[in-house]
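Quick note, the sequences are listed as chains A and B, same order.
If you read the first sequence in the working numbering, its first letter stands for residue 339, the second for the next number, and so on.
If you read the second sequence in the working numbering, its first letter stands for residue 339, the second for the next number, and so on.
Backbone N, C-alpha and C fix where the C-beta goes; we use that ideal spot for every residue, glycine too.
Number of protein chains: 2
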Amino acid sequence: MSTTTTTRDETAILAVLQEHADAIRARDAERTIAAFDRTVVRYDLAPPLAQVNGTVEEDAAGLRAWFATFDGPVQITHRDPTVVADGDVAFVHTLTSMTATPTGTTESFTLWFRSTYGLRRLDGAWAVVHQHESVPFHMDGSFAAAVGLTP
Amino acid sequence: MSTTTTTRDETAILAVLQEHADAIRARDAERTIAAFDRTVVRYDLAPPLAQVNGTVEEDAAGLRAWFATFDGPVQITHRDPTVVADGDVAFVHTLTSMTATPTGTTESFTLWFRSTYGLRRLDGAWAVVHQHESVPFHMDGSFAAAVGLTP
């Protein structure tokens with residue numbers, strides 16, 4: 339695991355995540371889907387426990403419905419991601435912020451959550467095959483999602 | 339990435355996760371901590387967003403306080419974990435169940451959550467350097483953690 343290789347891989351891996359964030363910001367459903375591998379196993383902020391990938395058309399329709407709940411761009415920012423790569427496998431963990439304005443309101447909100455990505459190098463290019471996004475929950479008996487945390 | 343190597347790595351990686359589960363089941367705080375690398379970056383079920391590792395003594399005290407909230411064993415079971423490994427880096431994702439009986443009650447509960455682990459091979463042995471555990475939350479305005487989901 340030479341430093342040069344790691345740095346080059348790190349740059350390529352972060353570019354994949356940035357392309358995904360840029361696609362979401364542009365509210366482009368097909369581009370968002372194309373940013374990750376079609377076999378991606380996703381543990382999302384919303385139920386179920388694990389997403390079942392549909393066709394591109396089905397998944398794009400779901401994303402468009404989600405984009406429609408916001409006015410203007412949906413901004414995703416990763417804070418100091420840690421990239422660990424060797425050979426053809428890598429993972430990334432980072433805290434992530436999402437800032438958006440719900441449709442029909444003028445006030446934006448920012449949600450901080452945890453993100454972990456698993457990647458493989460497929461045909462020479464890094465591909466996200468696993469995504470895990472979450473907030474913790476309060477164990478005070480309320481079982482309330484901790485949506486107000488900041489790093 | 340030969341099949342033989344992957345299979346040997348997979349077995350070794352799953353043994354690390356099993357040792358961690360066995361240590362929790364045995365309610366052994368020091369053994370639980372020793373199962374993962376001391377640099378592990380943890381995104382836990384409970385706040386904060388990311389855990390800050392203390393000394394072994396501090397972390398063991400925290401674990402013992404958590405074990406004390408349950409009567410009898412705390413059983414952690416990973417369901418069909420997917421292991422992706424190459425060179426000296428690996429990640430694992432799986433749905434996980436935890437079954438335990440709250441202290442002072444006779445009724446056990448089972449909680450299903452999502453687990454992702456990031457590993458490095460350090461000095462020839464696989465070590466968990468990242469753990470991400472979560473449940474999703476309901477996006478119906480309640481912001482309630484989805485603690486009742488099953489695979």
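*Identify whether Glu-471(B) lies in helix, strand or coil by the three-state DSSP scheme.*
strand
_Distance between beta carbons of Gln-469(A) and Ala-438(A), contact taken as under 8 Å_ = The pair is not a contact, with the Cβ atoms about 19 Å apart (cut-off 8 Å).
*When the Cα of Gly-456(B) is compared with those of Thr-370(B), Thr-432(B), Asp-366(B), which residue comes out closest?*
Thr-432(B)
*asked:* Beta carbons nearer than 8 Å to chain A: which residues of the stretch 422-454 of chain B have them?
replied: Val-422, Ala-423, Asp-424, Gly-425, Asp-426, Val-427, Ala-428, Phe-429, His-431, Leu-433, Trp-450, Phe-451, Arg-452, Thr-454
*Between the beta-carbon of Ala-388(A) and the beta-carbon of Val-378(A), is there less than 8 Å?*
no
_So, under 8 Å CB-CB, Val-485(B) and Phe-481(A) are touching, yes? Tell me the CB distance rounded to an integer number of Å._
5 Å
_Minimum length 4: unbroken alpha helix (DSSP H) runs contained in the stretch 370-433 of chain A_ = 394-405
_Which listed residue (Phe-374(B), His-416(B), Arg-458(B), Val-421(B)) has its alpha carbon closest to that of Trp-450(B)_ = His-416(B)
*Taking 8 Å as the CB-CB cut-off, is Val-466(B) touching chain A?*
no
*Under three-state DSSP, which class holds Val-354(B)?*
helix
*Does any residue of chain B bring its CB to less than 8 Å from the CB of Ala-353(A)?*
no
*asked:* Taking only three categories from DSSP, how would you classify Thr-448(B)?
replied: strand
*Identify, in the order they occur along the chain, each residue of the same chain with its Cβ nearer than 7 Å to the Cβ of Leu-352(A), setting aside the five sequence neighbours on each side.*
Pro-419, Val-421
_Can you tell me whether Ala-542(B) is helix, strand or coil according to DSSP?_
Residue 542(B) is absent from the structure shown; chain B starts at 339 and stops at 489.
*Hey, how far is the Cα of Val-466(A) from the Cα of Thr-444(B)?*
44 Å
*Asp-382(B) touches chain A at which residues, Cβ-Cβ below 8 Å?*
Pro-474
*Which residues does DSSP pair with Arg-459(A) in a beta bridge?*
Trp-464(A)
*Considering only C-alpha positions, which residue in the set Ala-367(B), Asp-375(B), Glu-368(B) is nearest to Ala-463(B)?*
Asp-375(B)
*Amino acids of chain A, ordered along the chain, whose beta-carbon sits closer than 9 Å to that of Pro-385(B)*: Val-473, Pro-474, Phe-475, His-476, Met-477, Ala-484, Leu-487
*For His-470(B), return the contacting residues in chain A, with the cut-off set at a CB-CB distance below 8 Å.*
His-431, Arg-452, Thr-454, His-470, Ser-472
*asked:* I'd like to know if Phe-405(B) contacts chain A, where contact means its C-beta is closer than 8 Å to some C-beta of that chain.
replied: no
*With a cut-off of 8 Å, does the C-beta of Val-378(B) fall near any C-beta of chain A?*
no
_Within chain B, the residues that Phe-481(A) reaches when beta carbons sit closer than 7 Å_ = Ala-482, Ala-483, Val-485
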